[in-house]
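Enquirer: By the numbering used here, the letter at position 144 of the sequence shown is numbered 144, and the numbering carries on one by one without gaps. Ideal Cβ placement from N, Cα and C applies to all residues, glycine included. Right, I'll just put the structure down here and ask away after.
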Amino acid sequence: MCGRFGLIHSLEEILRVYSLDMDMINFQPRFNIAPGQDILTITSQNHREKIKNVASIFKWGFVPSWSRDSSVGSKMINARAETIYKKPAFSSAFKSRRCLVPASGFYEWQTQSTGAKQPFWISAADGGLLTFAGLWESWVSNGGDNLQTCTIITTSANNSLSNIHGRMPVIIGPDNFNAWLKSDYSSIQSSTITTDLLRSSPDAVTLAWPVSRMVNNTSNGGADLISPVDLSLENNDQYKPQLNKQGKLFPF
């Protein structure tokens, strides 16, 4: 699953990567983004007879349009790639309300032999942005208030991350941004798109290392949350932090 992430790249980098031509008001880097919070997403919209990418703010936790109340959102922060095309809660959004969720990295918790859960920070190996596949929906309360929410799509973890957790967010590469945002999936009746696009990323795409349990508290923030910690797991080469080509651990 994906239950926590961070977005700490510069605004300029975000605008460039997603071809956005307008500033995002009050954008602030965040190291500990949690379900129920407002998050930055990228959607595709018609604008003056042209389709363009637009920055949108949605609440993280999907509320289907037909839901009686919004509390269900806390249980729908993720959607399984294997079933979104047929699950009633997500099938409509899958066909026409897809989004991208920018992230600098995400946290996942590995269950230790003692039962304790050790958090890991997982980021792009090249220091760039990770882009999660998402769905969004509009829900209207009995009082007429409109709530826009989203979910992050997950799939089976790749080999390099499977020892940490069995699931990971679907990571969409830049070459597939348009395919995810703008393709017509209205007639999809099978898992073809899951096989073609919503699959685990290659092992080389991500790096992971253990971090402080301070991240468990959603009120905590700051760069210390993603600093490697001195645990016995660090003796395992699979989980050692690796420097990028510029010799920097945190390039952003």
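1. Applying the 10 Å Cβ sphere with the 16-neighbour rule, what's the burial state of residue 96?
2. As a quick exercise: from 10, 152 and 17, pick the residue whose alpha carbon is nearest that of residue 167.
3. In this structure, does DSSP put residue 154 in helix, strand or coil?
4. Between which two residues does the alpha helix (DSSP H) containing residue 17 stretch?
5. Only counting the same chain, and skipping five residues up and downstream in sequence, which positions put a Cβ closer than 8 angstroms to that of residue 36?
6. I want to know whether the segment 117 to 129 touches the segment 140 to 154 - three or more CB-CB distances under 8 angstroms.
7. Can you give me the C-alpha to C-alpha distance between residue 3 and residue 34, rounded to a whole angstrom?
8. Where do the ends of the alpha helix (DSSP H) carrying residue 95 lie?
9. What number of angstroms, rounded off, separates the C-alpha of residue 108 from the C-alpha of residue 56?
10. State yes or no: is the beta carbon of residue 53 nearer than 8 angstroms to at least one beta carbon in chain B?
11. Measuring CA to CA, which of 69, 102 and 87 is closest to residue 5?
12. To the nearest angstrom, how far is it from the Cα of residue 211 to the Cα of residue 225?
13. Pick from 129, 185 and 38: whose alpha carbon is nearest that of residue 86?
14. With a 10 Å radius around its C-beta and 16 neighbouring C-beta atoms as the bar for buried, classify residue 242 as buried or exposed.
15. By how many angstroms is the C-alpha of residue 198 removed from the C-alpha of residue 39?
16. Starting from residue 178, trace the beta strand (DSSP E) both ways and give me its first and last residue.
17. For residue 107, which beta-bridge partners are listed by DSSP?
18. Look up residue 171 in the DSSP assignment and give the residues it is bridged to.
19. Between the alpha carbons of residue 140 and residue 65, how many angstroms are there, rounded?
20. What three-state label does DSSP hand residue 50 in the structure shown?
Expert: So, from the data block:
1. exposed
2. 152
3. In the structure shown, residue 154 sits in a strand (DSSP, three-state: E or B).
4. 11 to 17
5. 59, 60, 61, 73 and 74
6. Judged by Cβ distances under 8 angstroms, the segment 117 to 129 makes no contact with the segment 140 to 154, as fewer than three pairs qualify.
7. 7 angstroms
8. For residue 95, the uninterrupted alpha helix (DSSP H) segment begins and ends at 91 to 96.
9. 25 angstroms
10. Absent from the structure: chain B. Only one protein chain is present.
11. When the alpha-carbon of residue 5 is set against those of 69, 102 and 87, the nearest one is in 102.
12. Pairing residue 211 with residue 225, the inter-Cα distance amounts to about 6 angstroms.
13. Ranking the options by Cα distance to residue 86, first place goes to 185.
14. Unreliable placement is indicated for residue 242, whose pLDDT of 44 sits below 50; the coordinate value is still reported in the next sentence. That one is exposed.
15. 21 angstroms
16. Premise fails: residue 178 lies in the alpha helix (DSSP H), 177 to 182, not in any beta strand (DSSP E).
17. 121
18. 132
19. 7 angstroms
20. strand
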